[in-house]
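Written out below as structure tokens is the structure these notes cover.
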Ligand code: PLP
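The following block contains the structure:
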């Protein structure tokens with residue numbers, strides 16, 4: 110449980126067997142409305158492999174205890190598994206050391222942590238925070254809250270007609286007042302893969318700190334935080350085969366050490382006195398209270414599972430599915446597909462509308478055929494506004510989807526077209 114993985118194996122698609130992968134996800138082996146489930150909503154949350162489910166019950170059945178607090182056997186076991194999982198995450202994203210990995214509830218909490226801890230300490234009246242129109246609300250609202258509290262200014266990188274960042278005027282948007290640039294690695298609404306390195310270089314030249322929302326990036330690309338060069342990278346376990354309620358903030362040691370705590374409570378202190386306290390070393394300074402121990406252990410197991418298959422093999426499989434899906438979807442009359450035209454600029458998400466059918470109706474009709482897709486604004490209302498729509502339907506693919514899932518989606522959309530004809 111929570112074993113330390115070797116170097117993430119990149120793997121090649123030659124050895125990738127999607128049916129074998131599917132077989133490891135019990136939730137996929139069910140019928141919905143009398144049809145086999147085609148789960149195309151992994152951008153919202155992924156299904157969980159048997160290894161993760163087993164690790165959760167094994168933890169609760171045998172090792173359940175609080176971490177770092179007891180000297181009894183169960184607490185020792187729980188602490189070792191919990192810290193091993195941190196090491197697994199650190200190796201997975203190539204962090205310099207496990208202490209740079211902070212457990213959070215997910216991407217949202219990780220981004221709020223940076224905004225409220227680093228941000229409140231470093232952003233002053235008149236300073237600027239640069240984000241983009243492409244962001245999930247989790248990477249907008251915390252910066253709005255910070256800007257309001259500090260009377261700072263929020264500025265936006267625009268997106269073009271294909272939903273790609275417009276970076277030509279980046280040097281104009283970055284000023285000597287820019288303190289933070291917060292940008293998503295991969296868009297959940299459109300699948301756009303952003304050129305993070307380019308943003309990081311320009312932001313650092315301007316003296317700004319770079320925060321990457323990796324909620325989709327960590328799922329769909331191998332992540333090397335040192336190579337990316339950003340200062341913080343946030344991601345969620347539940348989108349990458351781990352349980353809900355666990356996520357990670359990776360941050361550079363020097364920044365984390367200089368930051369004030371985000372929350373106060375047990376485990377994050379060194380000494381508590383009547384008037385004041387001193388803080389534990391990182392990562393514990395940012396982990397007040399009892400953490401999601403089982404979730405962290407489950408995340409370590411999920412990463413081992415993904416590493417065993419190999420990220421390169423997974424990405425290749427997803428790109429193959431995406432290409433097949435676009436090839437089958439593009440000829441559908443009245444379909445409008447959002448996001449970059451080029452496969453190399455997008456990951457396995459297809460956001461679309463179909464004629465006059467409301468995305469909620471599309472999703473309901475697809476559900477009656479056993480096909481699960483998302484409908485709504487995908488927590489990206491600025492993206493919807495940019496394209497002049499209030500919502501889209503979104504099919505998202507992951508390692509366990511196959512071409513049959515795509516065919517079922519296409520057949521379901523034929524039903525939608527027939528109903529709305
Ligand atoms: N950022 C992006 C790009 C996302 O896709 C999501 C979740 O959909 C989030 C942030 C928020 O993640 P969580 O709800 O796991 O905190």
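Residue numbers (this note's numbering): 110 to 530.
Positions of the beta carbon are idealized from the N, C-alpha and C atoms, including for glycine.
Are residue i and residue j closer than 9 angstroms when you measure CB to CB?
i	j	result
residue 290	residue 249	no
residue 357	residue 202	yes
residue 479	residue 156	no
residue 393	residue 177	yes
residue 214	residue 354	yes
residue 152	residue 406	no
residue 206	residue 362	yes
residue 319	residue 276	no
residue 297	residue 245	yes
residue 241	residue 303	yes
residue 243	residue 435	no
residue 437	residue 513	no
residue 518	residue 426	no
residue 232	residue 288	yes
residue 461	residue 489	no
residue 402	residue 142	no
Return yes when the C-beta of residue i is under 8 angstroms from any heavy atom of the ligand PLP, and no when it is not.
i	result
residue 329	no
residue 245	yes
residue 325	yes
residue 222	no
residue 322	yes
residue 231	no
residue 153	yes
residue 157	no
residue 394	no
residue 248	yes
residue 356	yes
residue 241	no
residue 214	yes
residue 345	yes
residue 306	no
residue 488	yes
residue 262	no
residue 427	no
residue 217	yes
residue 288	no
residue 494	no
I need the straight-line Cα distance from residue i to residue j, nearest angstrom please.
i	j	result
residue 256	residue 161	39 angstroms
residue 110	residue 168	For residue 110, the predicted structure reports a pLDDT of 33, less than 50, and the residue's modelled location is therefore unreliable. The matter cannot be settled from this model.
residue 349	residue 329	9 angstroms
residue 134	residue 331	22 angstroms
residue 184	residue 190	10 angstroms
residue 471	residue 126	31 angstroms
residue 500	residue 484	7 angstroms
residue 273	residue 451	11 angstroms
residue 293	residue 253	16 angstroms
residue 383	residue 397	19 angstroms
residue 387	residue 377	9 angstroms
residue 493	residue 481	21 angstroms
residue 506	residue 230	40 angstroms
residue 208	residue 364	12 angstroms
residue 463	residue 367	50 angstroms
residue 530	residue 411	44 angstroms
residue 380	residue 359	25 angstroms
residue 593	residue 299	Nothing about residue 593 can be read from this structure; the chain reaches only from 110 to 530.
residue 171	residue 179	16 angstroms
residue 413	residue 504	26 angstroms
residue 148	residue 352	17 angstroms
residue 225	residue 389	19 angstroms
residue 234	residue 286	10 angstroms
residue 284	residue 266	13 angstroms
residue 124	residue 158	19 angstroms
residue 138	residue 131	8 angstroms
residue 511	residue 154	17 angstroms
residue 150	residue 421	21 angstroms
Is residue i near the ligand ATP, with its Cβ less than 8 angstroms from a heavy atom?
i	result
residue 295	Annotation note on the ligand ATP: not contained in the displayed structure, which lists the ligand PLP as its ligands.
Mind checking if residue i is an interface residue toward chain B, Cβ cutoff 9 angstroms exclusive?
i	result
residue 425	The structure shown contains no chain B; it is built from a single protein chain.
### Message
Under 8 angstroms, with one C-beta from each stretch per pair, do the segment 318-325 and the segment 365-383 reach the 3-pair mark?
### Response
no
### the segment 257-274 in contact with the segment 400-419 per 3-pair CB rule at 8 angstroms
no
### Query
Is the segment 441-449 touching the segment 516-530, taking contact as three or more C-beta pairs under 8 angstroms?
The answer is yes - the segment 516-530 touches the segment 441-449, with three or more Cβ pairs under 8 angstroms.
### Task
Would you check if the segment 419-437 and the segment 455-474 touch, i.e. whether three or more CB-CB distances between them fall below 8 angstroms?
yes
### Message
Does the structure place the segment 306-316 close enough to the segment 273-289 that three or more beta carbon pairs sit under 8 angstroms?
### Response
yes
### Task
Would you check if there are 3 or more beta carbon pairs closer than 8 angstroms linking the segment 335-348 to the segment 218-236?
yes
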